[in-house]
Amino acid sequence: MNTTVTMLLRLTLITMFLGALLAQLLVPVVATEQATLYPEVEHLVLPYSVAAILGFVCVQAALVAVWRLLSMVGDDRIFADGSLRWVDTITVCSAAATGLSAVVWVHLILVEETGGPGMFLALGACVVGGAALALLMVVMRGLLDAAIADRRELAEVI
């Protein structure tokens with residue numbers, strides 16, 4: 001793989017990881033500030049902050065998995081069985097973040113009874129986008145699994 005592309009991807013992953021870390025630090029601060037402006041949502045500060053932080057943890061775990069896969073590509077070990085574990089990590093993180101987001105949106109819409117049509121659209125976009133990413137990763141895992149089997153079979157022939 002091209003060294004320039006690898007370095008740019010690593011720089012992007014580091015930037016995204018640090019951005020998620022900063023977001024984890026800012027979420028409680030912003031939520032508390034919103035609670036002082038809108039006291040009627042003060043009871044949501046803790047649960048929604050925890051959900052947001054857990055969502056960012058999912059993103060960070062997926063970024064670490066992408067980093068590991070990139071390292072495996074660089075070491076020409078991507079077609080080893082260990083790479084499937086990292087693809088599974090990305091899939092689980094995507095599903096977990098989607099589930100967390102959906103639970104928050106459903107709670108906001110049905111229990112708190114706030115928002116209008118925009119909230120339903122946001123919920124739909126969250127669920128469809130997250131499900132699409134998780135399903136895409138399942139397909140990619142299947143392709144990687146087939147490639148690993150093909151490489152193993154080819155190694156036996158040679």
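Using my numbering, read the sequence shown as starting at 1 and increasing by one per residue. We put the beta carbon where it would ideally sit given N, CA and C, even for glycine.
Per-residue burial, residue i [other beta carbons within 10 Å of its own, 16 or more giving buried]
i: THR98; result: buried
i: PHE56; result: buried
i: MET7; result: exposed
i: VAL111; result: exposed
i: MET140; result: exposed
i: ALA132; result: exposed
i: GLY118; result: exposed
i: ILE14; result: exposed
i: VAL29; result: exposed
i: THR91; result: buried
Where the alpha helix (DSSP H) through residue i begins and ends
i: ILE14; result: 3-37
As assigned by DSSP and simplified to three states, the class of residue i
i: ILE159; result: Residue 159 is absent from the model: the chain starts at 1 and stops at 158.
9 Å Cβ cutoff met for residue i and residue j
i: THR32; j: VAL64; result: no
i: ALA51; j: LEU100; result: yes
i: GLY130; j: SER94; result: yes
i: LEU144; j: VAL87; result: yes
i: TYR48; j: VAL127; result: no
i: ILE109; j: LEU121; result: no
Q | Every unbroken alpha helix (DSSP H) inside the region 67-138 [4 residues or more] | A | Taken in chain order, the unbroken stretches of alpha helix (DSSP H) that lie wholly in the region 67-138 and span 4 residues or more are 82-106.
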